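All residue numbers in the sequence shown are consecutive under UniProt numbering, ending with 306. Just so it is clear, CB atoms sit at the ideal spot from N, CA and C, and this is done for glycine as well. None of the values given here were measured: they were computed from a predicted structure.
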Amino acid sequence: MNDTDETGKPLPSRRDALATGLALLAGSSPLVASAHTAAPLAGKSVKRGIAYDLANKEDLRVLSPGVSWWYDWGLKPNPGAPANYRRKYDMDFYSMLWNDSYDHATVVAWLKANPKIKFLLVLNEPNLVEQANKTPQQAAAFWPGYERIAAETGVKIVGPQITWGTMAGYGDPVAWMDAFYAAYRAANGGRDPRIDYLGFHWYDYGLSGQLDRLTKYGKSFWVTEFANWHWQSDGAQIDTLEKQMAQMTDMVSVCEQRADVFRYAWFTGRWNPDPHFSSLLTSPGTGQLTALGKHYLSLPFTKARP
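Below you can see the structure in the form of structure tokens.
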């Protein structure tokens, strides 16, 4: 398993963290698929996205029949993406502030110049030391910066992008979030932080149960990274394309059927090597979907993109 994907995004050491999270769901078989179904609709899902650095028109063209949005962990789209992506491909790009290293004026100017970017993703996996690596207290200190950007531009704040992590004392996303709320309130006269939507990442069985644990915060979700990378040799490991397809079907159904999931994004576009069969796209420049990519675009949905 590489330390980064081909876009350069660090791939965290998730195995122990995911095993810990999954243990909370003990008692439900990981092999039992959801029975959710959705009636066929014309068009494409307004919720369905991809977490990937789309860098050329071929990729946007082939994804556009079934994918409505993407992000690339940065403020702007890849320079290789066509500037007319929204008009030509009917796809939205959403900016992300990965941590607190950004220039306020630059971010505000970009968002004002691109008013169709209605949502701002913030703080990528703060309790993973391989990712943003921010304690709840650190995040509480710089969160008002996100709030100022939202106030000046009108964007909605989506984040933090929480998951099961590797930070001592805060591996559980609920432990991190509780401490974050407490630290923010203490520093801001008891006021809650502005969070318009809560982000979540998950790479195993039991997505719906994980989201249930986070409903205590009263926010709708963006599942901004998901796939199933279950690796333990326990009979449930994801080691074939067919198993990943089955899990994609189940996880997409959860996201489509839950009214509290506003958006979701599969991870990822391309990855080589790809031990869990997660890639939606074949070789760069070919403009072709993998079998999994075709499956993703074909899955039923509950609300069409307007």
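Asked                                                                                              : Found
Neighbourhood of K303 by C-beta, 6 Å cutoff - its chain only, sequence neighbours within 5 removed : V46
Paired residues, beta bridge with E225 - DSSP                                                      : H201
Distance, S283 Cα to L111 Cα                                                                       : 32 Å
V62 versus I162, Q210 and Y89, residue with shortest Cα-Cα distance                                : Y89
Pair within 8 Å by beta-carbon distance, N228 and Y197                                             : no
Test item: CB-CB of M91 and S68 under 8 Å                                                          : yes
Status (buried if at least 16 other CB within 10 Å, exposed otherwise) for K118                    : exposed
Any 3 or more C-beta pairs closer than 8 Å across the segment 263-270 and the segment 42-56        : yes
Segment limits, beta strand (DSSP E) that includes residue 359                                     : This structure leaves residue 359 out entirely; the chain is present only between 1 and 306.
Nearest candidate by alpha-carbon position, reference S278, set E130, A168 and T240                : T240
Three-state secondary structure (DSSP) of S253                                                     : helix
Distance between K134 and T163 (C-alpha atoms, nearest Å)                                          : 13 Å
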